[in-house]
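Participant:
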Amino acid sequence: MTNKILQTSFYNRPTRQVAQDLLGKIIIRQIGRKKYYGLITETEAYCGPQDQASHASKGRTPRTEVMFGPAGHTYIYLIYGLYHCFNIVTEKKDYPAAVLIRGALPLPKEWLGGVTLPLSKREMAEGQRGLASGPGKLCRYFKIDKTLNNLDITKPNKLWLVDSGLKPQRIIRRPRVGVDYAGKYKDKKWRFITRFS
DNA sequence: CAAGAGATCATCT
DNA sequence: GATGATCTCTTGA
């Protein structure tokens, strides 16, 4: 089974569409010879300069600069002094938007390509489930930190995504987390969750 | 269970 | 000087 790397054309689309389409895709993190795999189960969309929940709503700053860059690059920052958040920049250059990867299901290290449902007991093993659930835990599991900021993830280098061929059965929409300050944007249901079980 | 507090620092005002 | 796109642990019912 082929597992095509997601290209710029995938990310260079409306952000909420990308956020939904990312569910069921696979994160590959390579460190030396080791590879770690994760099936994406939860994302959030941050859409443009008018979205008050987005860091970019305050304008262009050194930190948010990458959000204004081309699609298919990472935007990684430190939150609360101790956790990292992994975002993927979307849409065209100079339009600041990104998708926060909030959760993934770690796959076995021997994973070679392709995913079929239902997942095996091993894939659903207790303990796996919680390892990358939540933006901070996900970055901890995949060892993602600011050294990977502004990385081109359309190339198989350190961190990239592939299409698993899997389609989520059902997508749950919820308001985004921790954005009470975002005025009329705080209740937008731009958080997308699915389950593979 | 649910609720609350603490950890800890880059970033922006 | 304040704050946050979080998580974990503790407390108490």
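All you need for the working numbering is the position in the first sequence, starting with 1, plus 1. Glycine residues also receive a C-beta, built at the ideal position from the N, C-alpha and C atoms. Note that the coordinates shown come from a computational prediction; the quantities given were computed from them, not determined experimentally.
Smallest Cα separation from Tyr186: which of Leu160, Ala46 and Gly82?
Facilitator: Among Leu160, Ala46 and Gly82, the Cα nearest to that of Tyr186 belongs to Ala46.
Participant: With Pro136 as the anchor, note down where its alpha helix (DSSP H) starts and where it stops.
Facilitator: Pro136 to Phe143
Participant: For the alpha helix (DSSP H) holding Thr16, just list the boundary residues, first then last.
Facilitator: Thr16 to Asp22
Participant: Where Thr91 and Asp153 are concerned, what is the direct C-alpha to C-alpha distance, given to the nearest angstrom?
Facilitator: 12 Å
Participant: Buried or exposed: where does Val196 fall if 16 or more other Cβ atoms within 10 Å of its Cβ makes it buried?
Facilitator: A quick correction: the sequence has Arg, not Val, at residue 196. Answer is exposed; the Cβ neighbour count stays below 16.
Participant: Report the three-state DSSP secondary structure of Thr62 (helix, strand or coil).
Facilitator: coil
Participant: Determine the direct distance from the alpha carbon of Val19 to that of Gln129, and round the result to whole angstroms.
Facilitator: 26 Å
Participant: Whole angstroms is fine: what's the gap from Leu24's alpha carbon to Glu66's?
Facilitator: Pairing Leu24 with Glu66, the inter-Cα distance amounts to about 26 Å.
Participant: Please confirm whether any heavy atom of the ligand NAP lies closer than 7 Å to the CB of Asp146.
Facilitator: This structure does not include the ligand NAP; it has no bound ligands of any sort.
Participant: Candidates Ile28, Ile32 and Asp95: which alpha carbon is nearest Asn4's?
Facilitator: Measuring C-alpha to C-alpha distances from Asn4 to each of Ile28, Ile32 and Asp95 identifies Ile28 as the nearest.
Participant: Check the DSSP bridge columns for Leu79 and list the partner residues they point to.
Facilitator: His85
Participant: Who are the near neighbours of Arg61 in its chain, counting only those whose CB is closer than 7 Å to its CB and skipping five residues on each side?
Facilitator: Phe69
Participant: Reducing DSSP to helix, strand and coil, say where Tyr186 ends up.
Facilitator: helix
Participant: Excluding sequence positions up to five away, which residues of its chain have a Cβ less than 8 Å from the Cβ of Lys159?
Facilitator: Arg30, Gln31, Ile32, Leu149 and Leu152
Participant: Report buried or exposed for Ser55, applying the criterion of at least 16 other Cβ atoms within 10 angstroms of its Cβ.
Facilitator: Residue burial is scored here from C-beta neighbours: Ser55 has at least 16 other C-beta atoms within 10 angstroms and is therefore classed as buried.
Participant: In or out: Gln8 buried (at least 16 other Cβ within 10 Å) or exposed?
Facilitator: Exposure of Gln8 is indicated by the presence of fewer than 16 other C-beta atoms within 10 angstroms of its C-beta.
Participant: Do Asn88 and Tyr76 have their C-beta atoms within less than 8 Å of each other?
Facilitator: Yes, Cβ-Cβ distance for Asn88 and Tyr76 is below 8 Å.
Participant: Is the CB-CB distance between Pro107 and Ala133 below 8 Å?
Facilitator: Yes, they are a contact pair.
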